[in-house]
Amino acid sequence: MNDQLDLHSECCRRAFLGRTSFGLGALAMSGLFSSEALAAARELGAPAPKAKRVIMVFLSGGLSQFETLDEKPLLNERRGEQIPESVRKGGVTSAITERQGNLSVVGSPFKFERRGESGMNISELLPHVAKHADDLTLIRSHQTDHVLHEAAVTTLFTGTPLLGRPSWGAWVSYGLGSANENLPEFVAMLSSGERLAPLHPRLWHSGFLPGKHQGVQLRGSGDPVLFVKNPPGVDEASRRDVLAAVKALNEMEAKATGDPKVRTRIEAYEMAARMQTSVPELSDLKSEPKDVLERYGAEPGKASFANNCLLARRLAERGVRFIQVCDGGWDHHGGLPRALPRKCKQVDQPVGAMLTDLKERGLLEDTIVIMCGEFGRASICEGPLSTTSYGRDHNGRIGSVLVAGGGFKKGLTYGRTDDWGWDVAEDPVHVHDLQATVLHQLGLDHEKLVTRHQGRDFRLTDVKGRVITDLLA
């Protein structure tokens, strides 16, 4: 008889939760957040942190380094010539250039210039970013194992091409915990108006880490976070009463079962309630001075990459641990001389402004800013080569990455590619090395930041990765 009563009580409780939580914000946020700081890695002797947060500017599709960050004069001298077999050694960049047969090289029509006291060589396409040359670390030898977008992007963000693994930001959240009880630890933003594939939600998912470490997507238009607003006809007082009742029921279940997931659920409801105040305040760019908006090229109420960079700074100063600013449209298989300058113009001013803003506010020293694509591009021309048009195929062997802040060496150019832009000639930096080095600067040992799943330990860098100490101040 008692078992039947308990079952009836449990069914009623579940029905009450399902109906009175309005099926919106409370359930949408369930399992995503926690206010407790997890210090698992530090307890195992991790390094002292030099940084508190990461802003990752991701250029989806693969930035062409030869027009922006890695000048190759030889490619202009030998324009239209076949790349020597002695350089290629039978290799190809991908099936695309292998099928076309013609392996003629093409250089950049854009000028490079030595910038700052460091003399960092950066293209005219990135004038605002170039002003920060003496605060930047330029890695010209970044490598990944993949030449297809899906695999390379997923590896950059999760450490593996396999699906279902925790993302980089989720690992950082897992290792560091929260610095602001009113906002999530991990936020992702996507630019509108461009082809965004393959920017799937799995790139900010928690995988098999606890759900509270999952990233929250902050949208550029409409409601910044879905389901945070009260539904029509529900006022604040009613909402508070319902949440109080739901919390009481969850507390009863937590006490009865000892299930940690119930405690996470309670925290999720509380976070959702706090976000009803914190998110509108965060996303209100009208509160920014006019000169700051103009510096970024930001327009309040308009979805744009510029707005997202300004929001990234606002998130950073509010203690969010990992901020992804993703921009699509960088996969230039053709029409590169026209398309690339347009894309660079869209990102150059906002990224330059964000670096200026972070530095002026004293945030750059403990914020790691990364700008990269999933891989680089090939020195071989893809498609017809003319005086005004050409394309570049993918190249996983070489790519360029910009890093600023967080204890990375200022004004350093690291790594070198060969004169033909075919492969790394000195100091390769694998994607797992980049991940390991960033975690190190956050005070997290990439070999000890692990979680047990299906009988073995998993980590962001899988079974690879090394900290590149030459990149660090």
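Under our numbering, think of the first position of the sequence shown as 446, with each following residue one higher.
Note that the Cβ used here is the ideal one computed from N, Cα and C, for glycine as well.
Just so we're clear, the structure is a prediction, and the values are computed from it rather than from any experiment.
Shortest alpha-carbon distance to residue i belongs to which of the options?
{"i": "HIS587", "options": "GLN880, GLY900, VAL874, ARG897", "result": "VAL874"}
{"i": "ASP590", "options": "THR600, LEU581, THR582, ILE584", "result": "THR600"}
{"i": "TRP775", "options": "ARG861, LEU583, VAL792", "result": "VAL792"}
{"i": "ARG759", "options": "PRO725, PRO782, CYS771, LYS788", "result": "PRO725"}
{"i": "ILE711", "options": "ASP772, ASN695, SER531", "result": "ASN695"}
{"i": "ARG585", "options": "LEU857, GLU530, MET720", "result": "LEU857"}
{"i": "LEU847", "options": "PHE503, ARG904, HIS839, ILE815", "result": "ILE815"}
{"i": "VAL707", "options": "LEU663, ASP680, ASP729, LYS657", "result": "LYS657"}
{"i": "ARG837", "options": "THR801, ALA701, GLY535, LEU508", "result": "LEU508"}
{"i": "HIS594", "options": "ARG560, GLY609, PRO676, LEU644", "result": "LEU644"}
{"i": "VAL661", "options": "ASP680, VAL679, GLY852, MET634", "result": "MET634"}
{"i": "GLN899", "options": "ARG610, ASP680, GLY828, PRO782", "result": "ARG610"}
{"i": "ILE843", "options": "VAL592, GLU744, VAL869", "result": "VAL869"}
{"i": "ARG560", "options": "HIS891, LEU514, ARG533", "result": "LEU514"}
{"i": "VAL592", "options": "VAL912, GLY910, HIS839, THR896", "result": "HIS839"}
{"i": "LEU688", "options": "GLY665, VAL912, GLY678, ALA717", "result": "ALA717"}
{"i": "LEU894", "options": "ARG787, CYS771, LEU571, GLY622", "result": "GLY622"}
{"i": "LEU648", "options": "LEU608, LEU520, THR801, ALA699", "result": "LEU608"}
{"i": "ALA496", "options": "ALA743, HIS650, LEU809, LEU571", "result": "LEU809"}
For residue i versus residue j, is the C-beta spacing smaller than 9 Å?
{"i": "PRO841", "j": "GLY866", "result": "The question names Pro, but residue 841 is Gly in the sequence shown. Not in contact: GLY841 and GLY866 (Cβ atoms no closer than 9 Å)."}
{"i": "GLY818", "j": "PRO492", "result": "no"}
{"i": "GLU569", "j": "GLU558", "result": "yes"}
{"i": "ALA624", "j": "GLY807", "result": "no"}
{"i": "SER845", "j": "LEU583", "result": "yes"}
{"i": "ASN753", "j": "SER831", "result": "no"}
{"i": "ALA849", "j": "HIS577", "result": "yes"}
{"i": "GLY546", "j": "ARG524", "result": "no"}
{"i": "PHE750", "j": "PRO676", "result": "no"}
{"i": "ARG766", "j": "PHE653", "result": "no"}
{"i": "SER728", "j": "GLY779", "result": "no"}
{"i": "GLY860", "j": "ALA918", "result": "no"}
{"i": "PRO494", "j": "GLN886", "result": "yes"}
{"i": "GLY535", "j": "HIS777", "result": "no"}
Compute the Euclidean distance between the alpha carbons of residue i and residue j, then round it to the nearest angstrom.
{"i": "ALA757", "j": "VAL598", "result": "21 Å"}
{"i": "VAL908", "j": "THR605", "result": "10 Å"}
{"i": "GLY476", "j": "PRO518", "result": "Residue confidence is low: GLY476 scores 34 on pLDDT, short of 50, so the model does not pin down where it sits. Its coordinate-derived value is still stated next. Using only the alpha carbons, I get a separation of about 53 Å."}
{"i": "ILE567", "j": "LEU581", "result": "11 Å"}
{"i": "ASP579", "j": "ALA690", "result": "56 Å"}
{"i": "GLU762", "j": "LEU879", "result": "24 Å"}
{"i": "LYS790", "j": "ALA748", "result": "16 Å"}
{"i": "GLU516", "j": "GLN769", "result": "28 Å"}
{"i": "THR862", "j": "ILE500", "result": "26 Å"}
{"i": "GLN721", "j": "ASP704", "result": "27 Å"}
{"i": "ALA881", "j": "PRO734", "result": "38 Å"}
{"i": "ASP811", "j": "ALA575", "result": "21 Å"}
{"i": "VAL502", "j": "GLY773", "result": "11 Å"}
{"i": "LEU628", "j": "GLU715", "result": "11 Å"}
{"i": "ILE528", "j": "SER549", "result": "6 Å"}
{"i": "ASP890", "j": "ALA615", "result": "15 Å"}
{"i": "MET565", "j": "ASP680", "result": "57 Å"}
{"i": "ALA702", "j": "TYR741", "result": "It is Thr, not Ala, that sits at residue 702 in the sequence shown. The straight-line gap from Cα to Cα measures roughly 51 Å."}
{"i": "GLY426", "j": "LYS674", "result": "An answer regarding residue 426 cannot be provided, because it is not within the stretch 446 to 918 covered by the chain."}
{"i": "PRO554", "j": "GLU526", "result": "16 Å"}
{"i": "LEU504", "j": "ALA596", "result": "15 Å"}
{"i": "ASP686", "j": "SER723", "result": "20 Å"}
{"i": "CYS826", "j": "LEU755", "result": "36 Å"}
{"i": "GLY746", "j": "LEU520", "result": "44 Å"}
If we count the other Cβ atoms within 10 Å of its Cβ and call it buried at 16 or more, is residue i buried or exposed?
{"i": "SER732", "result": "exposed"}
{"i": "SER618", "result": "buried"}
{"i": "GLU522", "result": "exposed"}
{"i": "SER612", "result": "buried"}
{"i": "LEU916", "result": "buried"}
{"i": "MET799", "result": "buried"}
{"i": "PHE511", "result": "buried"}
{"i": "ARG498", "result": "buried"}
{"i": "MET697", "result": "exposed"}
{"i": "ASP902", "result": "exposed"}
{"i": "ALA693", "result": "exposed"}
{"i": "SER531", "result": "exposed"}
{"i": "SER683", "result": "exposed"}
{"i": "ASP736", "result": "exposed"}
{"i": "ARG783", "result": "exposed"}
{"i": "ARG904", "result": "buried"}
{"i": "GLY620", "result": "buried"}
{"i": "MET474", "result": "Caution is warranted here: a pLDDT of 39 is assigned to MET474, below 50, making its placement in the model unreliable, and the coordinate value is therefore given only provisionally. So MET474 ends up on the buried side."}
{"i": "GLY797", "result": "buried"}
{"i": "GLY665", "result": "buried"}
{"i": "GLY910", "result": "buried"}
Contact defined as beta carbons within less than 8 Å: I believe residue i pairs with residue j. What is the distance between those atoms, to the nearest angstrom?
{"i": "LEU663", "j": "PRO669", "result": "5 Å"}
{"i": "THR914", "j": "HIS877", "result": "Actually they are not in contact, since the Cβ atoms of THR914 and HIS877 sit about 15 Å apart, beyond 8 Å."}
{"i": "ILE813", "j": "VAL912", "result": "The pair is not a contact, with the Cβ atoms about 14 Å apart (cut-off 8 Å)."}
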